[in-house]
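Protein chains in written order, with the numbering used here: chain A, 1 to 117; chain B, 1 to 239.
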């Protein structure tokens, strides 16, 4: 079953690289996903690393280790995502308000123009 | 009467009316507000699909129409930012559905002048049902704010309050009530409550107290907000 994990890891890494190359992922997100791709590649090619890491950290059931680490990283990522979304929401509201204000100012300027112009 | 004469930049007082599909009532509210107070009237037409903007304009209000719907507080904040931009020193917000009596306006503006309060809340305690009283008691306990009518949309803001509440910090608040008051209190602004009269033709349905899921969502969201802000500076109580 060695080659299954290798194929999945290499496939995931290539997909992410392709997406980054095609500018589908923006700056900081690209870095994160490149790291994920690298991890998938390394773990796919050398699954025995998991056993070694489990021995090192004293985990008795090695397959649980990548699952736990993966879940923890996903949680962190989700949290960061919501923080970013809140930030964007704030910017969107500020921009919307600003736009309404500027639109009003534009109307005001037009109204101020002498008639017949 | 065109809309240019209706709004004079540089005047001190502004009445802000956030309105969402309130074409039936907004014209009357604008007219009443202009009659009652020596103030400019600004209507924030928050994504209405009816003739709200036209009705308000015909009644002599200046109208802003944000391209994306902002909600009651986002719309009110647009009015506060308008006040900052055009140098208004005092703002009173009131609902566009006619539930707030424009006769309260002179009293609210005068309250800003007379006492050292930055935010004056026009409280309509008569409208509080027992369930609401219970909810407000809970939030008063959580927030430590010395305010009885926490959701009243009838409020007067002084220059300091306008500055604080127009800032980006206040832009992520969902509701116009507790979060706004807590932010004001955090910045050392003084809150004061005065009794206000309700208009007899009270057609408005509360946005918050319309259905049980909405109420539940509101209760949870506001409780979380209160708990998250616990331990921050509290509003100073004024007699």
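Just so it is clear, CB atoms sit at the ideal spot from N, CA and C, and this is done for glycine as well. Note that the structure is predicted; figures quoted are calculated from it, not measured.
Measuring alpha carbon to alpha carbon, tell me which of the options ends up nearest residue i.
i                     : options                       : result
residue 49 (chain A)  : A:37, A:33 and A:66           : A:66
residue 58 (chain B)  : B:173, B:27, B:217 and B:194  : B:27
residue 95 (chain A)  : B:168, B:104, B:17 and B:224  : B:168
residue 145 (chain B) : B:229, B:80, B:85 and B:86    : B:229
residue 108 (chain A) : B:17, B:18, B:136 and B:62    : B:62
residue 138 (chain B) : B:109, B:35 and B:220         : B:220
residue 143 (chain B) : B:222, B:72 and B:52          : B:222
residue 153 (chain B) : B:102, B:186 and B:134        : B:102
residue 42 (chain B)  : B:67, B:94 and B:24           : B:94
residue 17 (chain A)  : A:104, A:32 and A:105         : A:32
residue 80 (chain B)  : B:157, B:108 and B:117        : B:157
residue 266 (chain B) : B:184, B:132 and B:89         : Limits of chain B in this structure are 1 at one end and 239 at the other, which puts residue 266 (chain B) out of reach.
residue 218 (chain B) : B:198, B:177, B:186 and B:183 : B:177
residue 282 (chain B) : B:212, B:73, B:52 and B:197   : Residue coverage of chain B in this structure runs from 1 to 239, which leaves residue 282 (chain B) outside it and unanswerable.
residue 12 (chain B)  : B:90, B:113 and B:225         : B:90
residue 63 (chain A)  : A:47, A:86, A:78 and A:74     : A:47
residue 3 (chain A)   : A:92, A:45, A:55 and A:59     : A:45
residue 7 (chain A)   : A:19, A:36, A:21 and A:43     : A:43
residue 188 (chain B) : B:171, B:111 and B:117        : B:117
residue 100 (chain B) : B:170, B:18, B:161 and B:213  : B:18
residue 71 (chain B)  : B:134, B:53 and B:171         : B:171
residue 102 (chain A) : B:111, B:107 and B:82         : B:82
residue 122 (chain B) : B:25, B:30 and B:111          : B:111
residue 20 (chain B)  : B:33, B:44, B:34 and B:32     : B:44
residue 38 (chain A)  : A:92, A:9, A:74 and A:5       : A:9
residue 225 (chain B) : B:213, B:212, B:198 and B:179 : B:179
residue 35 (chain B)  : B:55, B:54, B:25 and B:60     : B:60
residue 227 (chain B) : B:150, B:141, B:25 and B:160  : B:141
Round the Cβ separation of residue i and residue j to the nearest angstrom and send it over; I've been treating them as touching at under 8 Å.
i                     : j                     : result
residue 78 (chain B)  : residue 100 (chain A) : 6 Å
residue 97 (chain B)  : residue 163 (chain B) : Actually they do not touch by this definition, with Cβ atoms about 28 Å apart.
residue 14 (chain B)  : residue 40 (chain B)  : 5 Å
residue 92 (chain B)  : residue 105 (chain B) : 6 Å
residue 181 (chain B) : residue 191 (chain B) : 6 Å
residue 136 (chain B) : residue 155 (chain B) : 16 Å between Cβ atoms; not a contact.
residue 69 (chain B)  : residue 47 (chain B)  : 3 Å
residue 166 (chain B) : residue 84 (chain B)  : 5 Å
residue 40 (chain A)  : residue 12 (chain A)  : 4 Å
residue 66 (chain B)  : residue 88 (chain A)  : No, residue 66 (chain B) and residue 88 (chain A) are not in contact; Cβ-Cβ is about 17 Å, not under 8 Å.
residue 37 (chain B)  : residue 109 (chain B) : 6 Å
residue 35 (chain A)  : residue 20 (chain A)  : With 8 Å as the limit, residue 35 (chain A) and residue 20 (chain A) do not qualify as a contact, their Cβ atoms being about 12 Å apart.
residue 184 (chain B) : residue 124 (chain B) : Rounded, the Cβ-Cβ distance is 20 Å, inconsistent with contact.
residue 107 (chain B) : residue 194 (chain B) : 7 Å
residue 30 (chain B)  : residue 53 (chain B)  : That pair is no contact at about 11 Å.
In chain A, what lies closer than 9 Å to residue i by C-beta?
i                    : result
residue 90 (chain B) : Within chain A, no residue comes near residue 90 (chain B); the closest Cβ sits about 19 Å away, beyond 9 Å.
residue 57 (chain B) : Under the 9 Å cutoff, chain A gives no residues; its nearest Cβ is about 10 Å from residue 57 (chain B).
Give the residues of chain A in contact with residue i, contact being defined as C-beta atoms less than 8 Å apart.
i                     : result
residue 74 (chain B)  : 93, 96 and 97
residue 225 (chain B) : In chain order: nothing, as chain A lies at least about 13 Å away.
residue 62 (chain B)  : 104
residue 70 (chain B)  : 93, 96 and 97
Run through the DSSP bridge pairs and tell me what residue i is partnered with.
i                     : result
residue 44 (chain B)  : B:18 and B:64
residue 229 (chain B) : Answer is none; residue 229 (chain B) lacks a bridge partner.
residue 13 (chain B)  : B:90
residue 198 (chain B) : B:100
Can you pull the chain A neighbours of residue i, defined as C-beta to C-beta under 7 Å?
i                     : result
residue 111 (chain B) : Result: empty, since nearest Cβ-Cβ is about 27 Å, beyond 7 Å.
residue 81 (chain B)  : 97 and 101
residue 77 (chain B)  : 97
residue 85 (chain B)  : 101
residue 65 (chain B)  : 100
Can you list the residues of chain B that residue i reaches, using a CB-CB cut of under 7 Å?
i                    : result
residue 90 (chain A) : 168, 171 and 172
residue 86 (chain A) : 172
So with CB distances below 9 Å, who are the chain B contacts of residue i?
i                    : result
residue 78 (chain A) : Within 9 Å Cβ-Cβ: nothing; residue 78 (chain A) doesn't reach chain B, min ~18 Å.
Give a yes or no on whether 7 Å exceeds the smallest Cβ distance from residue i to chain C.
i                    : result
residue 18 (chain B) : Protein chains A and B are contained in the structure displayed, whereas chain C is not.
For residue i, is the beta carbon positioned less than 6 Å from some heavy atom of the ligand SAM?
i                    : result
residue 90 (chain B) : With respect to the ligand SAM, the structure offers nothing, as it holds no ligand at all.
ask   = Which runs of the beta strand (DSSP E) fall wholly inside the segment 76–131 of chain B and span at least 3 residues, in chain order?
value = Fully enclosed beta strand (DSSP E) runs of 3 or longer: 90–93 and 119–123.
query = What are the start and end residues of each continuous alpha helix (DSSP H) run of 4 or more residues lying completely inside the segment 43–77 of chain A, in chain order?
reply = 48–57
inquiry  = To test your reading of the DSSP string, which unbroken alpha helix (DSSP H) runs of 4 or more residues are found completely within the segment 136–188 of chain B?
reply    = Correct list: 159–165 and 178–186.
message = Please give the ranges of any alpha helix (DSSP H) in the segment 83–107 of chain A, keeping only runs that are unbroken, at least 4 residues long and fully inside the region.
response = none
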